[in-house]
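According to the numbering used here, the sequence shown is numbered sequentially starting from 8.
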Amino acid sequence: MGQPVRLRARIERAIAHDEDLRTFVIGTERRIPRFRPGQFLHLAIDPHDPSTHWPESRVFSIASPPQERTTVTITVSRVGEFTGRMMSLKEGDEVWIKLPYGEFMVGGEPGDTVVLVAGGTGVSPFVSYLAGMPQEGIAVRLLYGVRRPNLLIWERVLNDACKRWEDFSWTPFVEQGELPGSVPGRLTVAAALRQAGQATGLDRSTFYLAGPPAMIRVFESGLTEHGIDAARIRVDAWS
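Dropping the structure here:
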């Protein structure tokens, strides 16, 4: 795994999904260090002199697969002043990134079930995992919750993973509005347990949680109450 490095970079693509939601494909001045699905980067908007202190930045999970070493992809939701400024970034704008960071490593061993629970942009580390090389012998189930149908932005990548991965399926949950094939309402602990039970069983299942703090709390307590060992609950908590 690569050691964290600072890289001058430029926005290659800025994709507006919604007024408050963007995906950025970022090209770097040199090869991106190796990282694992689930890790994150620091991004700075203001100019940076490498001989001085690192400017104000925020962390974002990497959505691109580890095999991609010339660009890196992140999805950003407006949640404050810094991410509000990011909504105005356009192709060609310079940014600085540092990567990789984090201990939230997504993956499993043959015979396991990996249950991925994603709220909103929390799906990013799971997209990195599923867009990469398939892991043989692992059952993977993704529960992907969004507020509105237009925020279900990774449908193409996930449907492609269904074709490439031996035992993968995903279920969208939509809180507002209707979408064919989706489950109305919020993500539930019961749904996650059911997906695990239908695969290899709860004793071989590891649950990965990524999303808003309130969602994380509900799932941590709910899974624990159903006897899931803490070692099989992995959390990518948002601050």
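Beta carbons: idealized from backbone N, C-alpha and C, even for Gly. None of these values were measured; they are calculated from a predicted model.
Asked: Going by DSSP, name the residue or residues bridged to G34.; Found: R17 and T78
Asked: Could you tell me which residues DSSP puts in a beta bridge with T213?; Found: V121
Asked: Sort A197, S176 and G127 by Cα distance to S68 and report the nearest one.; Found: G127
Asked: How is the beta strand (DSSP E) around E288 delimited, first residue to last?; Found: The displayed coordinates of the chain run from 8 to 246. Any statement about residue 288 would go beyond what the structure contains.
Asked: By the 10 Å Cβ neighbour count, where 16 or more other Cβ atoms means buried, how is I22 classified, buried or exposed?; Found: exposed
Asked: Taking all protein chains shown into account, do 16 or more other C-beta atoms lie within 10 angstroms of the C-beta of S95, making it buried, or fewer, making it exposed?; Found: exposed
Asked: With which residues is D243 paired in a DSSP beta bridge?; Found: A217
Asked: For F133, does the three-state DSSP call read helix, strand or coil?; Found: helix
Asked: Going by the CB atoms, is the gap between G188 and H142 shorter than 9 Å?; Found: Note that residue 142 is Gln in the sequence shown, not His. No, the pair does not count as a contact, with Cβ atoms beyond the cut-off.
Asked: Please name the residue or residues paired with F42 in a DSSP beta bridge.; Found: Answer is none; F42 lacks a bridge partner.
Asked: Tell me, which residues are paired with W172 by DSSP?; Found: Answer is none; W172 lacks a bridge partner.
Asked: Count the other CB atoms within 10 Å of the CB of I235; is the residue buried (16 or more) or exposed (fewer)?; Found: buried
Asked: Taking the straight line between their C-alpha atoms, what separation do you get for I18 and G99?; Found: 5 Å
Asked: Please report the residue range of the alpha helix (DSSP H) in which L200 lies.; Found: V196 to Q205
Asked: Taking just the CA atoms, how far does F133 sit from T213?; Found: 14 Å
Asked: Is there contact here, the segment 179 to 193 with the segment 101 to 120, by at least three beta-carbon pairs under 8 Å?; Found: no
Asked: Near R171, what residues of its chain come up, given a Cβ to Cβ distance below 6 Å and the 5 sequence neighbours on each side ignored?; Found: P141
Asked: So who's on the other strand from W177, going by DSSP bridges?; Found: L149
Asked: Just grab the DSSP bridge partners of I22 for me.; Found: T30
Asked: Rounded to whole angstroms, what is the Cα-Cα separation between H233 and F89?; Found: 39 Å
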